[in-house]
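Engineer:
In full-length UniProt numbering, the protein residues as written are 1 to 222.
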């Protein structure tokens, strides 16, 4: 259950009560995002370690410059889960934020640049997400499953219109794509899901089937 201390907000002197309502609504929205259940992300073994290193690359507290961070997940099977987890646990640090899932699918066919931009405009969340306002805002854009340089060029068009401290995160199956585009901040991750971790653990640690079953149930309980 969520609890909020609104005393600070009621101490603010505002001519228009609607402005106070907007501030409180934005605060609640960000807090709700923080406690959203992210089951896929939590099933990634070692997620806390990966997030600690990614937070250093994103430099969330910075309000200077702009960063483009590439994420390449070895094997690729957990890439989308990681992308969503990064977005949902980091977006509260930004004025506006957007998650673009399955960029590869969005960009199928002709005029993919306009399709991609439309997806961005339709999905951006924040106080004021107009093009002019974004120039002054700290923006987070997470683009999952990028597979062509042309898609990065299209995303860069939006990125150039963001304000200081903004971060664009690109996830891809193709590590060479990030290198070819000149993205210097690249994070390489390798995951075992919790279930795979337990299966590997029990196969190495136990010989008898009964012991395996008991140990697996114990691990799930923990």
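Heads up, the beta-carbon is just placed ideally off N, CA and C, and yes, glycines get one too.
Every value quoted in this text rests on a predicted model; they were computed, and no experiment measured them.
How far does the beta strand (DSSP E) with residue 106 in it reach, from first residue to last?
Structural biologist: Within the chain shown, the letter at position 106 stands for residue 106. No beta strand (DSSP E) contains residue 106, which is instead part of the alpha helix (DSSP H) from 103–106.
Engineer: Alpha carbons only, please: which of 130, 131, 135, 174 is nearest the one belonging to residue 147?
Structural biologist: Counting from 1 along the chain shown, the entry for residue 147 is found at position 147. When only C-alpha atoms are compared, the closest one is 174.
Engineer: So residue 156 packs on residue 71, CB below 8 Å; how close in whole Å?
Structural biologist: Position 156 of the chain shown holds residue 156. Position 71 of the chain shown holds residue 71. Contact doesn't hold; Cβ gap of about 17 Å is too wide.
Engineer: Would residue 102 and residue 144 be called neighbours here (beta carbons separated by less than 8 Å)?
Structural biologist: Here residue 102 corresponds to residue number 102 of the chain shown, with the count starting at 1. Here residue 144 corresponds to residue number 144 of the chain shown, with the count starting at 1. Yes, the Cβ-Cβ distance between residue 102 and residue 144 is below 8 Å.
Engineer: Taking DSSP as the reference, what is the three-state secondary structure of residue 125?
Structural biologist: Looking up residue 125 in the chain shown gives position 125. In this structure, residue 125 counts as strand in the three-state DSSP scheme.
Engineer: Hey, could you find the ends of the alpha helix (DSSP H) residue 157 is sitting in?
Structural biologist: The residue you call residue 157 lines up with position 157 of the chain shown. That run of the alpha helix (DSSP H) goes 149–159.
Engineer: Could you check what DSSP says for residue 86 in three-state terms: helix, strand or coil?
Structural biologist: Walking along the chain shown from the start, residue 86 turns up at place 86. Here residue 86 sits in helix by DSSP.
Engineer: So, with DSSP's three-state summary, where would you put residue 96?
Structural biologist: As a working mapping, residue 96 is identified with position 96 in the chain shown. The answer is strand: DSSP assigns residue 96 an E or B state.
Engineer: Going by other Cβ atoms of all chains shown within 10 Å of its Cβ, with 16 needed for buried, is residue 169 buried or exposed?
Structural biologist: If you number the chain shown from 1, residue 169 lands on position 169. Residue 169 should be labelled buried.
Engineer: How many whole angstroms separate the CB atoms of residue 97 and residue 107, which I take to be in contact at a CB cut-off of 8 Å?
Structural biologist: For this step, residue 97 is matched to residue 97 along the chain shown. For this step, residue 107 is matched to residue 107 along the chain shown. Residue 97 to residue 107, Cβ: 21 Å. No contact.
Engineer: On the three-state DSSP scale, how would you describe residue 188?
Structural biologist: Here residue 188 corresponds to residue number 188 of the chain shown, with the count starting at 1. Note: residue 188 maps to strand in three-state DSSP.
Engineer: Compute the minimum distance between the beta carbon of residue 69 and the heavy atoms of the ligand COA, and state whether it is under 7 Å.
Structural biologist: Here there are no bound small molecules, and the ligand COA is not part of this structure.
Engineer: Are the stretch 119–126 and the stretch 79–87 in contact at 8 Å, needing three or more beta carbon pairs?
Structural biologist: The stretch 119–126 vs the stretch 79–87: no contact.
Engineer: Name the two residues that bound the continuous alpha helix (DSSP H) containing residue 179.
Structural biologist: Here the question's residue 179 lines up with position 179 in the chain shown. Its alpha helix (DSSP H) spans residues 175–181.
Engineer: Between the C-alpha atoms of residue 162 and residue 142, what's the straight-line distance to the nearest angstrom?
Structural biologist: Taking the chain shown and counting its residues from 1, one reaches residue 162 at position 162. Taking the chain shown and counting its residues from 1, one reaches residue 142 at position 142. In a straight line, the C-alpha of residue 162 is about 14 Å away from that of residue 142.
Engineer: With DSSP run on the structure shown, which of helix, strand or coil describes residue 141?
Structural biologist: Taking the first residue of the chain shown as 1, we reach residue 141 at position 141. If DSSP states are grouped into helix, strand and coil, residue 141 belongs with the strands.
Engineer: Looking at C-alpha atoms only, which residue of 49, 61, 67 is the closest neighbour of residue 182?
Structural biologist: Indexing the chain shown from 1 puts residue 182 at position 182. Comparing Cα positions, the closest option is 67.
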